[in-house]
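Participant:
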Amino acid sequence: MEQKFGVNSIDLQELYDFCEREGETVSYQKGERMECEGEPSRWFGFVTKGCFKYVTRGISDGKEHITWFSFEGEYVGDYPSCLNGSPSQTTIEAMMPSSVLRVSGEQMMQLFNQNISSMELRSIIGEHLLCQARARYLDFHRATPRERYDLLLHRCPGIVEHLPLHAIASFLNLTPQQLSRIRRAVTFED
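Going by our numbering, the residue at position 112 of the sequence shown is 154; the numbering climbs one at a time, nothing skipped.
(1) Express the C-alpha separation of residue 225 and residue 131 in angstroms, rounding to a whole number.
(2) How would you write the range of the alpha helix (DSSP H) that residue 106 sits in, first residue to last?
(3) Excluding the five sequence neighbours on either side, which residues of its own chain have a C-beta within less than 7 Å of the C-beta of residue 217, listed in chain order?
(4) Following a CB-centred definition, is residue 178 positioned closer than 7 Å to any heavy atom of the ligand FAD?
(5) Can you give me the C-alpha to C-alpha distance between residue 150 and residue 179, rounded to a whole angstrom?
(6) Considering only their Cβ atoms, is the gap separating residue 92 from residue 124 smaller than 8 Å?
(7) Just grab the DSSP bridge partners of residue 91 for me.
(8) Taking all protein chains shown into account, decide if residue 105 is buried (16 or more other Cβ within 10 angstroms of its Cβ) or exposed.
(9) Would you tell me roughly how many angstroms separate the C-alpha atoms of residue 110 and residue 214, rounded to the nearest one?
(10) Which partner residues of residue 129 appear in the DSSP bridge assignment?
(11) Output yes or no for whether 8 Å exceeds the beta carbon distance between residue 117 and residue 54.
(12) Just list the residues that DSSP pairs residue 134 with in beta bridges.
(13) Going by C-alpha distance, which of 171, 205, 82, 154 is nearest residue 61?
(14) Should residue 65 and residue 164 be called a contact, given that it needs their Cβ atoms to be closer than 8 Å?
(15) The alpha helix (DSSP H) that contains residue 165, what's its start and end?
(16) Which partner residues of residue 70 appear in the DSSP bridge assignment?
(17) Can you check DSSP and say which residues form a bridge with residue 146?
(18) With distances taken from CA atoms, which of 189, 135, 115 is nearest residue 227?
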C-alpha cells in the first residue's frame with residue numbers, strides 16, 4: 043500500500059486487507075463522483091490510482107470549496123456517514139482517472155461488529171479523522187497562508203505537479219493569485 047502523494051500517520055493495513063479481500067476495484071474518470079453531497083453515503087475504500095477531492099458548495103454563493111484530498115495509498119470516503127448511510131457531507135470527485143478498492147458501509151459495519159479488535163480499529167480511524175479535522179481547523183487560525191502551503195507540501199510533496207493551482211488554492215482557502223505570489227516567493231528563496 044504505497045502512498046504516492048501523502049503521508050498517513052496511522053497503520054491501516056488491516057482495513058486495506060479487508061477492502062482487498064471483500065471489496066471490488068472501481069474505476070472513476072476525471073470529474074466522476076464517488077459520493078454526492080446531500081445524498082446517502084455508501085462507499086469507503088483505498089485509492090489505488092489517482093486522487094480525489096472533497097468538495098462542498100458555499101451556502102449563499104454556491105461556489106466550490108475543496109475541503110480535503112485523498113491520494114494514492116490513502117482511504118477515501120465520507121467515513122462516518124457511510125457507516126450508517128446518512129447524507130454525505132461533501133461531494134467526493136476524481137481529479138484524474140482513478141481507481142478505488144471499494145467496500146460498502148454495510149460491509150464496514152459487519153467488519154467492526156466482529157470482535158473487539160475490529161471495534162478498536164473503528165475507534166482509531168475515528169480518532170485519526172478527528173485529529174486531522176482539528177489540526178486543519180487550528181491551522182486556519184494559527185498558520186499564515188504561506189505556512190499552510192508549506193504544511194500541505196510536507197503532507198503531500200507531489201501535489202503541485204499533479205493538481206491545478208485553483209484546486210490547491212481552494213483547499214488552502216486562498217485565491218489563485220495569493221497562491222501564485224506564495225509560490226513565486228518560494229521559488230526565489232531557493
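Glycine is no exception: its CB is placed at the ideal position from the N, C-alpha and C atoms. Fair warning: this is a prediction, and the values are worked out from it, not measured in the lab.
Facilitator: Taking the coordinates as given:
(1) By 1-based counting over the sequence shown, the position of residue 131 is 89. By 1-based counting over the sequence shown, the position of residue 225 is 183. Answer to the nearest angstrom: the Cα atoms are 31 Å apart.
(2) The sequence position of residue 106 within the sequence shown is 64, counting from 1. Looking at the DSSP string, residue 106 is not in any alpha helix (DSSP H); the run it does join, the beta strand (DSSP E), is 106-113.
(3) By one-based count along the sequence shown, residue 217 stands at place 175. So the qualifying residues of the chain are 211.
(4) Absent from the structure shown: the ligand FAD. Ligands present: none.
(5) Walking along the sequence shown from the start, residue 150 turns up at place 108. Walking along the sequence shown from the start, residue 179 turns up at place 137. Taking the straight line from one Cα to the other gives about 28 Å.
(6) Residue numbering aside, residue 124 sits at position 82 when the sequence shown is read from its first letter. Residue numbering aside, residue 92 sits at position 50 when the sequence shown is read from its first letter. In this structure, residue 92 does not lie closer than 8 Å to residue 124 by Cβ.
(7) Here residue 91 corresponds to residue number 49 of the sequence shown, with the count starting at 1. According to DSSP, which records beta bridges pairwise, residue 91 is partnered with 141.
(8) By one-based count along the sequence shown, residue 105 stands at place 63. Counting Cβ neighbours within 10 Å, residue 105 comes out exposed, since fewer than 16 surround it.
(9) Position 68 of the sequence shown, counted from the start, is the residue given in the question as residue 110. Position 172 of the sequence shown, counted from the start, is the residue given in the question as residue 214. Rounded to the nearest angstrom, the two C-alpha atoms are 10 Å apart.
(10) Working through the sequence shown from its first residue, we reach residue 129 at position 87. DSSP lists 82 as partners of residue 129.
(11) Stepping through the sequence shown from its first residue, residue 117 is reached at position 75. Stepping through the sequence shown from its first residue, residue 54 is reached at position 12. Closer than 8 Å, so yes.
(12) Residue numbering aside, residue 134 sits at position 92 when the sequence shown is read from its first letter. In DSSP, residue 134 forms a bridge with 77, 96.
(13) For the purposes of this step, residue 61 is taken as the residue at position 19 of the sequence shown. For residue 61, the nearest C-alpha among the options comes from 154.
(14) Locating residue 65 in the sequence shown gives position 23, counting from the first residue. Locating residue 164 in the sequence shown gives position 122, counting from the first residue. Contact flag unset, no.
(15) As a position in the sequence shown, residue 165 is number 123, starting the count at 1. 158-184 is the span of the alpha helix (DSSP H), which, as asked, contains residue 165.
(16) Here the question's residue 70 lines up with position 28 in the sequence shown. DSSP, once it has assigned bridges, lists 140 as partnering residue 70.
(17) Counting from 1 along the sequence shown, the entry for residue 146 is found at position 104. Paired residue(s): 85.
(18) Position 185 of the sequence shown, counted from the first residue, corresponds to residue 227. Minimum Cα distance to residue 227 is reached at 189.
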